[in-house]
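Position one of the sequence shown corresponds to residue 1 (my numbering), numbered consecutively onward.
Every residue gets a Cβ at the ideal spot worked out from N, C-alpha and C, and that includes glycine.
Worksheet for the structure shown next.
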Amino acid sequence: MRALHVSIATLAAAVVCMFPLMNGCTSKINEEQIQTVLEAVDKAANEKNADGILAHMADDVVVKVNVPNGRTSKTFSLNRDQYRRLLKEGYRVAQIYEFGRKGTRIKIARDGKSAKVSSRTYETMRNQNGSQRTDSLETATFELRNDKVVITKVESIERT
């Protein structure tokens, strides 16, 4: 009877791990997981929900933003808390905020533990001073940490 109990427990664990996005149990990153994270992040952005975005980012995430400044550009490097503050301040002053993503390309590492995702992103922010549209090239690094797919690095180059 004990062997039957172990087999049922093993079977139950295997069934639970068949749904990696629901419980984080996974051994390799796949495109579906990444698409699910991107959809959740994009939805949170359009809802002006900074914490919803950060829920999919590692505690040690690094966000680098390259902003054009005339003939030159300036790169800002932000940690998780700095990025949270930036998002919340931007959302606070935006009466209307829209975010979109196109041309997403996913490249998963051979070991399945990380992936690079590149996209073209669009943001439109409207407030009492007018409207601003930003077009950026974004590259995000996804890693498998503690059986969960998280964003560990974002590099964004603004083109506007």
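Between residue i and residue j, which are expected to be in contact by the criterion C-beta below 8 Å, what is the C-beta distance as a whole number of angstroms?
i, j, result
"Ser-114", "Glu-138", "With 8 Å as the limit, Ser-114 and Glu-138 do not qualify as a contact, their Cβ atoms being about 17 Å apart."
"Ser-136", "Glu-158", "5 Å"
"Arg-84", "Leu-38", "The Cβ separation is near 19 Å, so there is no contact."
"Lys-64", "Ser-77", "5 Å"
"Ala-40", "Arg-145", "With 8 Å as the limit, Ala-40 and Arg-145 do not qualify as a contact, their Cβ atoms being about 17 Å apart."
"Lys-189", "Thr-152", "Nothing can be reported for residue 189: it is not among the residues displayed for the chain, which extend from 1 to 160."
For residue i, count the other beta carbons within 10 Å of its own beta carbon; 16 or more makes it buried, fewer makes it exposed. Which is it?
i, result
"Val-93", "exposed"
"Ile-53", "buried"
"Thr-75", "exposed"
"Met-22", "Below a pLDDT of 50, predicted positions are generally treated as unreliable, and Met-22, at 44, falls in that range; the measurement from the model is reported next regardless. Per the 10 Å Cβ criterion, exposed."
"Gln-33", "buried"
Which residues does DSSP pair with residue i in a beta bridge?
i, result
"Arg-105", "Ser-118"
"Asp-168", "As displayed, the chain neither begins before 1 nor continues past 160, which places residue 168 out of reach and without an answer."
"Thr-141", "Lys-116 and Lys-153"
"Glu-39", "DSSP, once it has assigned bridges, lists no residue as partnering Glu-39."
"Val-62", "Lys-153"
"Lys-148", "Arg-145"
Let me make sure I understand the geometry here. Which of the options has the alpha-carbon closest to that of residue i?
i, options, result
"Glu-155", "Arg-133, Arg-85 and Val-62", "Val-62"
"Lys-164", "Ser-77, Ile-34 and Gly-90", "The structure shown has nothing for residue 164, since the chain only spans 1 to 160."
"Thr-134", "Asp-42, Met-57, Glu-98 and Lys-28", "Glu-98"
"Asn-46", "Ala-55, Thr-75, Ile-96 and Asp-59", "Ile-96"
"His-56", "Pro-68, Asn-69, Leu-86 and Asp-42", "Asp-42"
"Thr-121", "Asn-127, Ile-108 and Gly-103", "Gly-103"
When you measure from the CB of residue i to every non-hydrogen atom of the ligand ZN, does any distance come out below 8 Å?
i, result
"Val-37", "Annotation note on the ligand ZN: not contained in the displayed structure, which lists no ligands."
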